[in-house]
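Printed below as a string of structure tokens:
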């Protein structure tokens, strides 16, 4: 089932790209979330690579700020205009970063896990 989700990619000082993906009820709610959170991240000194709302089939567990010890999952993220595609990368599989032909392709890490469709 397609839902709108707010995608944020940040670049950490150590060079890792971090991702959060949070579902929204509709496009307007997603954009309101984006408009509220993005300036807070920028003001806090985060290097925001992407901050956008789009439809996705992927559903992740909620982001938990309180537990820094949660293992990180790897995701392949590709942004095209105002849309994105996010896919989990299985352990042992390669994640492909940006090239000249795909400059907005990222290997991102997130403590969020995929929620399987019911």
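In the working numbering, the protein residues as written are 2 to 119. Here a beta-carbon is modelled for each residue, glycine too, at the ideal position from N, C-alpha and C. All values derive from a computational prediction rather than experimental measurement.
Using CA atoms only, rank isn't needed, just tell me which of the options is closest to residue i.
i           : options           : result
residue 88  : 52, 61, 39 and 17 : 61
residue 113 : 71, 103, 94 and 6 : 71
residue 55  : 24, 64 and 94     : 24
residue 7   : 13, 16, 22 and 15 : 22
Is the beta carbon of residue i less than 8 Å from the beta carbon of residue j?
i           : j           : result
residue 115 : residue 59  : yes
residue 85  : residue 110 : no
residue 18  : residue 108 : yes
What number of angstroms, rounded off, separates the C-alpha of residue i from the C-alpha of residue j?
i           : j           : result
residue 119 : residue 4   : Any reading at residue 119 must be qualified, since the residue scores a pLDDT of 47, below 50, and its modelled position is unreliable; no value is offered.
residue 99  : residue 106 : 5 Å
residue 31  : residue 20  : 16 Å
residue 2   : residue 26  : 13 Å
residue 75  : residue 11  : 14 Å
residue 91  : residue 117 : 15 Å
residue 15  : residue 39  : 21 Å
residue 95  : residue 47  : 27 Å
residue 33  : residue 73  : 27 Å
residue 103 : residue 57  : 20 Å
Let's see if you can read the secondary structure: which residues bound the alpha helix (DSSP H) around residue i?
i          : result
residue 43 : 28 to 44
Could you give the first and the last residue of the continuous beta strand (DSSP E) run that contains residue i?
i           : result
residue 76  : 74 to 81
residue 56  : 48 to 57
residue 21  : 18 to 25
residue 9   : 4 to 12
residue 61  : Counting along the chain, residue 61 falls outside any beta strand (DSSP E), and DSSP gives it neither H nor E.
residue 86  : 84 to 89
residue 111 : 106 to 111
Contact between the segment 71 to 81 and the segment 31 to 43: three or more CB pairs below 8 Å? no
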